[in-house]
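Engineer: My structure is below; once you've seen it, I'll send some questions.
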Amino acid sequence: MLTMTSFDFNGKKALVRVDLNVPQDANGKVTDDSRARAIVPTVTKILSDGGSAILMSHLGRPKGKVNAAMSLKPVAEHLAMLLGKPVLFATDCVGPDAKAKAAALKSGEVLVLENLRFHPEEEAGDEEFSKTLGQLGDVYVNDAFGTAHRAHASTTIVAKYFPGAKLFGNLMQAEIDSVGKVLGNPQRPLTAIIGGSKVSSKIEVLENLISKCDEVVVGGGMAFTFIKAQGGQVGTSLVEDDQLETARTILASAMDKGVQLHLPTDAVVADAFAENANTDVCSANAIPDGWMGLDIGPETSKAFATVVKRSRTLLWNGPMGVFEMKPFQKGTIAIAEAVADATAYGAFSLVGGGDSVAAVNQFGLADKISYVSTGGGAMLEYLEGKVLPGIAAVQG
Ligand code: AMP
Numbered sequence: 002m003l004t005m006t007s008f009d010f011n012g013k014k015a016l017v018r019v020d021l022n023v024p025q026d027a028n029g030k031v032t033d034d035s036r037a038r039a040i041v042p043t044v045t046k047i048l049s050d051g052g053s054a055i056l057m058s059h060l061g062r063p064k065g066k067v068n069a070a071m072s073l074k075p076v077a078e079h080l081a082m083l084l085g086k087p088v089l090f091a092t093d094c095v096g097p098d099a100k101a102k103a104a105a106l107k108s109g110e111v112l113v114l115e116n117l118r119f120h121p122e123e124e125a126g127d128e129e130f131s132k133t134l135g136q137l138g139d140v141y142v143n144d145a146f147g148t149a150h151r152a153h154a155s156t157t158i159v160a161k162y163f164p165g166a167k168l169f170g171n172l173m174q175a176e177i178d179s180v181g182k183v184l185g186n187p188q189r190p191l192t193a194i195i196g197g198s199k200v201s202s203k204i205e206v207l208e209n210l211i212s213k214c215d216e217v218v219v220g221g222g223m224a225f226t227f228i229k230a231q232g233g234q235v236g237t238s239l240v241e242d243d244q245l246e247t248a249r250t251i252l253a254s255a256m257d258k259g260v261q262l263h264l265p266t267d268a269v270v271a272d273a274f275a276e277n278a279n280t281d282v283c284s285a286n287a288i289p290d291g292w293m294g295l296d297i298g299p300e301t302s303k304a305f306a307t308v309v310k311r312s313r314t315l316l317w318n319g320p321m322g323v324f325e326m327k328p329f330q331k332g333t334i335a336i337a338e339a340v341a342d343a344t345a346y347g348a349f350s351l352v353g354g355g356d357s358v359a360a361v362n363q364f365g366l367a368d369k370i371s372y373v374s375t376g377g378g379a380m381l382e383y384l385e386g387k388v389l390p391g392i393a394a395v396q397g
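If you read the sequence shown in my numbering, its first letter stands for residue 2, the second for the next number, and so on.
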């Protein structure tokens, strides 16, 4: 396999799938440029080798139609600022303008193509459209981990037009390497911390992780389905009654495999799903009627932190409580701090696949984690053990 470090882009036109799907305000001004910043190392490497870069991305959900509010032009201008050099722009991703500008592109230059999703063929993975895109460059780089779980034209199908000339960008490679450190051959003990609202959205992640981890910590709203499945009283906490059997199967499977599955023993409860609700702390399996568990309690935070700190590899997906509301964020903060502490002592930590990324950013702990993933849905599917089409297309 070709890699960014060993590949020489000198004289090559690199067609790069990036993720420039950045949030913008009503005037098109970029409000959070993390995704644009994240692709800079890949673009810089191509240019410093003496190559040129043709960047393609989607922005928003224009549903196959041209929509001026979702143009990548303002994002291209922002990227020019980040790169400290002019960035050319093609008013369509295929067609005469893109073709002419790509053909005229000189070494050291960057061209951004207009939003791929202005064409329905992108999401449909259309062959002809993919082929036309492929004709723009002579090497294909996929640096868009966030869309790697989608078999779209630019993320997957186009790769086949570059036999022997396709590779992962720096960002994509970092995501793949991080998952490899957790699910490949991890340093043990390996612990997964799983939270968030629903069991139903995490069943496959839990099943895959139980077959790989030494310990699994379950918090967040989903913990109450497990607690109810064990016969606990959970009041009006979030429970998926149709998942009680699944929860029992997961508990049995953990037991079978000798995996320690830790559930909350106490909870911060409230009499309403509101920031200003009355709150209390009680046993997680004896929540009174009319009260709901919205965070793990102090005893649980302590116990979970102990598990986290004795681990050598950590994977965290999903918050421990309703961290968006101040009275229910202590549990998530305690876990974030424990993960940061474990990392400081040499553990490898990966946070990804959901709101836990927002939580570590909100609490200012992102730089104390070994790797914070950029791909929500893609990371979740990767952790489920699925083959991501965008990855397979480059590896194949
Ligand atoms: P997910 O997208 O599945 O990772 O879930 C994230 C959401 O779960 C966040 O918006 C949290 O507010 C929510 N959440 C976490 N704990 C609870 C809880 N105990 N009850 C209700 N919602 C929760």
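Beta carbons: idealized from backbone N, C-alpha and C, even for Gly. Predicted model only: the values in this text are computed from it and were never measured.
#1: Whose C-beta lies closer than 7 angstroms to the C-beta of VAL395 among residues of the same chain, with five residues either side of it excluded?
#2: Can you tell me which of PHE274, ALA271 and THR156 puts its alpha carbon nearest to the alpha carbon of SER131?
#3: Among the candidates ALA69, GLY319, ALA278 and SER202, whose CA atom is the shortest distance from the CA of GLN244?
#4: Do GLY332 and SER302 have their CB atoms nearer than 7 angstroms?
#5: Could you give the uninterrupted runs of the alpha helix (DSSP H) lying entirely in the stretch 104 to 150, keeping only those of 4 residues or more?
#6: What's the call for THR43, buried or exposed, on a 16-neighbour Cβ count within 10 Å?
#7: List the DSSP bridge partners of SER284.
#8: How about ASP356 and PHE329: do their beta carbons lie closer than 7 angstroms?
#9: Using 8 angstroms as the threshold, is the stretch 377 to 395 in touch with the stretch 171 to 187, meaning 3 or more CB pairs across them?
#10: For a test of the three-state rule: what should DSSP assign to GLU18, helix, strand or coil?
#11: To the nearest angstrom, how far is the alpha carbon of GLY61 from that of CYS94?
#12: Under the criterion of a Cβ to heavy atom distance below 6 angstroms, does SER202 qualify as lining the ligand AMP?
#13: Would you give the residue range spanned by the alpha helix (DSSP H) that ASN318 belongs to?
#14: State the Cα-Cα distance for the pair THR375 and LEU351, rounded to the nearest angstrom.
#15: Whole angstroms are fine: how far does the CA of GLU129 sit from the CA of LEU191?
#16: Determine the direct distance from the alpha carbon of VAL206 to that of LYS213, and round the result to whole angstroms.
#17: Measure the alpha-carbon distance for PHE398 versus ARG36 and round it to whole angstroms.
#18: Say yes only if the C-beta of ASP281 is nearer than 6 angstroms to one or more non-hydrogen atoms of the ligand AMP, and no if none qualify.
#19: What is the DSSP secondary structure of THR333, counted as helix, strand or coil?
#20: Nearest-angstrom Cα distance between VAL388 and ASP281?
#21: Is it the case that the CB of VAL323 approaches a heavy atom of the ligand AMP more closely than 6 angstroms?
#22: If you check the beta carbons only, do PHE364 and ALA335 fall under 7 angstroms apart?
#23: Given that a residue counts as buried once 16 or more other Cβ atoms are within 10 Å of its Cβ, and exposed if not, what is ASP242?
#24: Answer with buried or exposed for THR314, where buried requires no fewer than 16 other C-beta atoms within 10 angstroms of its C-beta.
#25: Under the three-state reduction of DSSP, which class applies to TYR346: helix, strand or coil?
#26: Alpha carbon to alpha carbon, how far is SER72 from LEU112? Give it in angstroms, no decimals.
#27: Just to confirm before moving on: does the CB-CB distance between ALA285 and PRO299 stay below 7 angstroms?
#28: How long is the line joining the alpha carbons of VAL260 and VAL217, rounded to whole angstroms?
#29: Any heavy atom of the ligand AMP inside 6 angstroms of the beta-carbon of PRO320?
#30: Can you list, in chain order, the residues of its chain with a C-beta nearer than 6 angstroms to that of LEU366? Leave out the 5 residues immediately preceding and following it.
#31: Could you name the residues of the same chain whose beta carbon sits closer than 6 angstroms to that of ASN137, not counting the 5 residues immediately before and after it, in chain order?
#32: I need the boundaries of the alpha helix (DSSP H) containing PHE225, first residue and last residue.
#33: So does ASP9 have its beta carbon nearer than 6 angstroms to some heavy atom of the ligand AMP?
#34: Quick one: what's PHE90 bridged to in DSSP?
#35: Do PRO320 and GLY135 have their beta-carbon atoms positioned less than 7 angstroms apart in this structure?
#36: Can you tell which of ASP50, HIS120 and TYR346 has its C-alpha closest to the C-alpha of PHE8?
Structural biologist: Checking against the coordinates, here is how it stands:
#1: ASN143, ALA160, LYS167, LEU168 and PHE169
#2: THR156
#3: SER202
#4: yes
#5: The DSSP assignment places 121 to 125 and 128 to 135 as complete runs of the alpha helix (DSSP H) inside the stretch 104 to 150, in order along the chain (cut-off: 4 residues).
#6: Residue burial annotation: THR43 is buried, with at least 16 other C-beta atoms found within 10 angstroms of its C-beta.
#7: ASP267
#8: no
#9: yes
#10: Contrary to the premise, residue 18 reads as Arg rather than Glu in this sequence. Note: ARG18 maps to strand in three-state DSSP.
#11: 15 angstroms
#12: yes
#13: Taken as a continuous stretch (DSSP letters only), ASN318 belongs to no alpha helix (DSSP H), being part of the beta strand (DSSP E) at 314 to 318.
#14: 11 angstroms
#15: 45 angstroms
#16: 11 angstroms
#17: Lying before the first or after the last residue shown, residue 398 is absent from the chain, which here runs from 2 to 397.
#18: Distances between the C-beta of ASP281 and the heavy atoms of the ligand AMP are all 6 angstroms or more.
#19: helix
#20: 44 angstroms
#21: yes
#22: no
#23: Flag for ASP242 reads exposed.
#24: buried
#25: coil
#26: Rounded to whole angstroms, LEU112 to SER72 spans 14 angstroms at the Cα level.
#27: no
#28: 7 angstroms
#29: yes
#30: ALA337 and ALA341
#31: Contrary to the premise, residue 137 reads as Leu rather than Asn in this sequence. Within the same chain, LEU137 has close Cβ partners LEU16, ILE55 and ALA103.
#32: First-last of the alpha helix (DSSP H) with PHE225: 224 to 230.
#33: no
#34: VAL113
#35: no
#36: ASP50
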